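Worksheet for the structure shown next.
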Amino acid sequence: MNATHDVKGALDGGTSAVSRRQFLAASTVAGGSLVFAFHVPLAGEALAQPASAEVNAWVVVHPDDSVVIRIARSEMGQGTLTGLAQLVAEELDCDWSKVTTEYPTPGQNVARNRVWGNFGTGGSRGIRESQDYVRKGGAAARTMLVQAAADEWKVAASECRAAAGVITHRASGRSTSYGKVAAAASKLTPPATVALKDPKDWTLAGKRLARLDTVDKTTGRQIYGHDLKLPGMLNAAIKECPVFGGKLKSFNATAAAGRPGVKKVLQVGDTAVAVIADTWWRAKTALDAVIIEWDEGPNAKASSEGFDAILKAGLNAPQAAIGNQNGDALAAIAASARRIESVYSHPHQNHATMETMNATARYTPERCEVWTPTQNGEAALAATSEACGLPVAKCEVYKLHLGGGFGRRGMSDYVRQAVLLAKEMPGTPIKLIWSREEDMTQGRYHPITQCKLTAGLDGQGNITGLHMRISGQSILAAVFPQNVVNGKDPIVFQGLNATGPEAGIGYTIPNLLIDHAMRNPHVPPGFWRGVNLNQNAVYLECFIDEVAHATQQDPLALRRKLMANHPKHLAVLNAAAERGGWGQPAPAGVFRGLAQTMGYGSYVAACAEVSVSAQGVLKVLRIVAATDPGYAVNPQQIEAQVEGSFAYGLSAALYGSCTVKDGRIEQTNFHTYPVLKMEDMPKVETVLVSSGGFWGGVGEPTIAVAAPAVLNAIFAATGRRIRDLPLKDQNLKRA
Amino acid sequence: MLPFTAAAHNQGPGRTLVSLERRHLVVVAMTGWLACARQVAAAPLPDDLAAAIAAFADGMPVREGRVSLDIAELVDNGNTVPVSVAVDSPMTEADHVTAISLFNERNPQREVAHFVLGPSAGLARVSTRMRLATTQRVVALARMRDGSCWSRTVEVIVTLAACVESEL
Chain A
1 MNATHDVKGA LDGGTSAVSR RQFLAASTVA GGSLVFAFHV PLAGEALAQP
51 ASAEVNAWVV VHPDDSVVIR IARSEMGQGT LTGLAQLVAE ELDCDWSKVT
101 TEYPTPGQNV ARNRVWGNFG TGGSRGIRES QDYVRKGGAA ARTMLVQAAA
151 DEWKVAASEC RAAAGVITHR ASGRSTSYGK VAAAASKLTP PATVALKDPK
201 DWTLAGKRLA RLDTVDKTTG RQIYGHDLKL PGMLNAAIKE CPVFGGKLKS
251 FNATAAAGRP GVKKVLQVGD TAVAVIADTW WRAKTALDAV IIEWDEGPNA
301 KASSEGFDAI LKAGLNAPQA AIGNQNGDAL AAIAASARRI ESVYSHPHQN
351 HATMETMNAT ARYTPERCEV WTPTQNGEAA LAATSEACGL PVAKCEVYKL
401 HLGGGFGRRG MSDYVRQAVL LAKEMPGTPI KLIWSREEDM TQGRYHPITQ
451 CKLTAGLDGQ GNITGLHMRI SGQSILAAVF PQNVVNGKDP IVFQGLNATG
501 PEAGIGYTIP NLLIDHAMRN PHVPPGFWRG VNLNQNAVYL ECFIDEVAHA
551 TQQDPLALRR KLMANHPKHL AVLNAAAERG GWGQPAPAGV FRGLAQTMGY
601 GSYVAACAEV SVSAQGVLKV LRIVAATDPG YAVNPQQIEA QVEGSFAYGL
651 SAALYGSCTV KDGRIEQTNF HTYPVLKMED MPKVETVLVS SGGFWGGVGE
701 PTIAVAAPAV LNAIFAATGR RIRDLPLKDQ NLKRA
Chain B
736 MLPFTAAAHN QGPGRTLVSL ERRHLVVVAM TGWLACARQV AAAPLPDDLA
786 AAIAAFADGM PVREGRVSLD IAELVDNGNT VPVSVAVDSP MTEADHVTAI
836 SLFNERNPQR EVAHFVLGPS AGLARVSTRM RLATTQRVVA LARMRDGSCW
886 SRTVEVIVTL AACVESEL
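Chains A and B, in that order, are what the protein sequence lines are.
Just so you know, the first sequence maps onto residues 1 to 735 in the numbering used here.
Just so you know, the second sequence maps onto residues 736 to 903 in the numbering used here.
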């Protein structure tokens, strides 16, 4: 496999590859104007072949038979470059060992009427949303390549076969390769319709193929935003008002301006101050020397305690938006023989990507270019255009790999800042990197919610009614209020919906009411990997466990009873429970907990094994996780995603909490916002239950079962029902 | 979801395929595409939008022209999108714009704004901000004093952020 995703420059048309920290810039000046300043092509070494052909938007074939597959979604560790390439290559019938990938640019996509579709990378949608059109792209290219060979041989295309990039005409014994007919194929009219393979016939998709980007990442050759270097580039650090909603009142740059390497100290918008210097550390330390006075605005005294009171009030508020309802839950609960009621909460959390937010921008009055790790290249392009004032056609965004995204890099605030800075120094590339402190305190946080669950039981312990009242933040109200419908944020109910292919509840409850009292503290919420599925799974799965224990039922047996009408949910639960040894004796001191949910089109379940010492020290030992994503495009990548989901989900469950005092986030770095250490990582066993017939995502749903499975195991171990996260703040000594 | 159509994949003569060795010429090569970037696909308008436009036209034919619609073709967030409509009109007592209306394709309601104008408006130009729930076409219509109706349609791409489960 050739190396993929080099970052290259094009000085005088050259294509020399560059190493990670020797990134070269390139300018091709024609007619006195900057025609093309830079690009971040992603393919291997064969860029200069004379007769390479774009067979269609997805597929470029070189004369040496190497194939470049274009991928619109952003790679942030989830393996989408490899998975989507497998789908294209499967239909293309090319030689996988000759495949590389590249990103088309957002500007090209807009200019070509969005031929590559949506660039947005999130919601576990990479495979499931684009599988249809990328497979058709591969199939159409194959059809055209075969037709080109048939035309050359003057035979019917139906008599020709393609395999591994070679086209053969059996009757005459002739054969040719994709590279030889690509130029002719590119001139053909694409087929109006193409037939896609039945997944049971796949030879590349569905296989455990190695990732295309492992070598570059292992050798350090991979360029991330922090690594980027352009000739003449300056570096910038920024501080935005730490109180959300506040503004910059004044700043005194006297001390900072005279420091070595400092080029400019300047205001950015009406909320931030930045320093531009020759190196980033000089910019950062000079910024620390700037005396800034903030107008902290109306939220200057806001605190987490205040939010708690606001959300508590919502738990009993008369008005709430209904997300799922059948029967009359309130009446059933009122008439029940026994009631169980619990209140849970979920904190604000930061995405805490390994690579802090960053973007590099170069502005001239004619053109503005941005290099940035982004989950949404088109949004970054829109933000660039808006910030610099040039039309989209005069802007371009070159996507770099992400050192973590988790939803944070779907927002383009850092891109906007970099462009505003670059506009102050036309012609000079400005690389803006957020300090860790800035990254921690200017997040778009996992929303806070609380949930009161009330179950009514009959004399035999059966649930006759269930009311889930969620109180708390709406992401859509903050980010896309135009999508709040009749006061209801529909995505608040992830995993709790009545039906649908996305995130349906796995239980049948005779009388059910799930509603949401929207309460929006001033901390800006955002999409945080797994989004609302995470806390909803904690609420429901722990409460089901509570009901099971309160009624002396086995938690698996109770779930099976309630899930009889939800066979796909039940199948993954059974798979996790069986492989996890549920019902079998656990080793001494080891206790198990279960959880299941559905989200992003997939069904997931986990069986966690934990121990808790007499001093209350938790050790998560082993997790068996079952996933049904319908079709599995690369089982190895699915396993990696599932394991990563526990690294991320357990970080959140054990440590993840952002608290607010005086209107600002208190946690400023990893000393107060820890993440899971390697020694804390349990053994994860993934059970892939690919039942076929649908396309589910795998990047997010499993996160949601991490916390509740562990919380239920902690209860089994200690008798303590933990209803508030993170666990680091809880007493786990045996009750 | 991107519909897979022959047209979407056909680069056509004169817009030859971007081969990799010419990658650094992409910007030049793309000028041909840029010229048509804002052309609106010829897909028919949905029934409810067509009905809203017909109600505005009140029986008069709606013709393309005379109206310019200034709105970003690509927006980061459809929450607050500036939009301006100008109409080629002398704005005299005898010949002026009497109304400008904005319609959309995929918001909950088809009507966005209705402006009443007269010769004392001076210029046939209005500006406001609108919300766009998602990628869609925006239609501006103007009615002249003689009852004739003119329109301009623009497609706006709204780049929704990550981690929503499906397009909202």
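Idealized CB from N, CA, C, for every residue including glycine.
For clarity, every value in this text was computed on a predicted model and none was experimentally measured.
Under 7 Å from the C-beta of residue i: neighbouring residues of chain A
i: B:D811; result: A379, A382, A383, E386 and S412
N- and C-terminal bounds of the alpha helix (DSSP H) containing residue i
i: A:L562; result: P555 to L562
i: A:P524; result: It is not in any alpha helix (DSSP H) - A:P524 carries neither H nor E in the DSSP assignment.
i: A:W280; result: W280 to A289
i: A:C94; result: Per DSSP, A:C94 belongs to no alpha helix (DSSP H) and is neither H nor E.
i: A:A498; result: Per DSSP, A:A498 belongs to no alpha helix (DSSP H) and is neither H nor E.
i: A:N109; result: P106 to A111
Beta-bridge pairing of residue i - partner residues as DSSP gives them
i: A:M357; result: DSSP, once it has assigned bridges, lists no residue as partnering A:M357.
i: A:G599; result: A:S602
i: A:E468; result: Correcting the residue type first, residue 468 of chain A is Met in the shown sequence and not Glu. DSSP, once it has assigned bridges, lists A:L453 and A:I514 as partnering A:M468.
i: B:V818; result: B:I806 and B:T863
i: A:K683; result: A:R622
i: A:I722; result: BP columns for A:I722 are empty, so no partner.
i: A:S177; result: A:V166
i: A:A546; result: In the sequence as displayed, the identity of residue 546 of chain A is Glu instead of Ala. Bridge partners of A:E546: none, in fact.
i: A:G630; result: A:W695
i: A:L688; result: A:T627
Proximal chain B residues relative to residue i, where beta-carbon distance stays under 8 Å
i: A:Q482; result: G813, N814, N842, R866, L867 and A868
i: A:G504; result: Under the 8 Å cutoff, chain B gives no residues; its nearest Cβ is about 11 Å from A:G504.
i: A:V110; result: A772, E808, L809 and I892
i: A:V419; result: Within chain B, no residue comes near A:V419; the closest Cβ sits about 12 Å away, beyond 8 Å.
i: A:V67; result: Within 8 Å Cβ-Cβ: nothing; A:V67 doesn't reach chain B, min ~11 Å.
Classification of residue i by the beta-carbon crowding that lies within 10 angstroms, buried from 16 upward
i: A:N252; result: exposed
i: A:I322; result: exposed
i: A:I638; result: buried
i: A:R469; result: buried
i: A:T372; result: buried
i: A:N326; result: exposed
i: A:F670; result: exposed
i: A:G459; result: exposed
i: B:R887; result: buried
i: B:L858; result: exposed
i: A:T4; result: Note that A:T4 scores a pLDDT of 34, beneath 50, so its modelled location is shaky and nothing firm can be said.
i: A:S33; result: Caution applies to A:S33, whose pLDDT of 24 falls short of 50 and renders its modelled position unreliable; the value that the coordinates give is listed next. That one is exposed.
i: A:Q108; result: buried
i: A:R436; result: exposed
i: A:A735; result: exposed
i: A:Q86; result: buried
i: A:F715; result: buried
i: B:Q774; result: The predicted model places B:Q774 with a pLDDT of 44, which falls under 50 and marks its position as unreliable, so this point remains unresolved.
i: A:P726; result: buried
Reference residue i; option with closest CA among the options
i: A:G461; options: A:M598, A:K561 and A:A647; result: A:K561
i: A:G465; options: A:A478, A:Q450, A:P510 and A:R444; result: A:P510
i: A:V620; options: A:V392, A:R592 and A:I333; result: A:R592
i: B:M865; options: B:L858, B:V873 and B:R798; result: B:V873
i: A:V59; options: A:A517, A:T176, A:A735 and A:A182; result: A:A182
i: A:R114; options: A:S412, A:K217, A:E378 and A:G404; result: A:E378
i: A:N634; options: A:N350, A:A320, A:V698 and A:K733; result: A:V698
i: B:F850; options: B:A868, B:P781, B:M879 and B:R841; result: B:M879
i: A:E386; options: A:D413, A:L402, A:I430 and A:L400; result: A:D413
Delimiting residues of the beta strand (DSSP E) encompassing residue i
i: A:G456; result: T449 to L457
i: A:E437; result: Careful: A:E437 lies outside any beta strand (DSSP E), inside the alpha helix (DSSP H) at R436 to T441.
i: A:G323; result: A321 to N326
i: A:P373; result: R367 to P373
i: A:K264; result: V262 to V268
i: A:V59; result: V59 to V61
i: B:F850; result: E846 to V851
Under 7 Å by beta carbon: chain B residues contacting residue i
i: A:V392; result: E808 and L809
CB contact check: residue i to chain D, cutoff 9 Å
i: A:V538; result: Of the protein chains in the structure, A and B, none is chain D.
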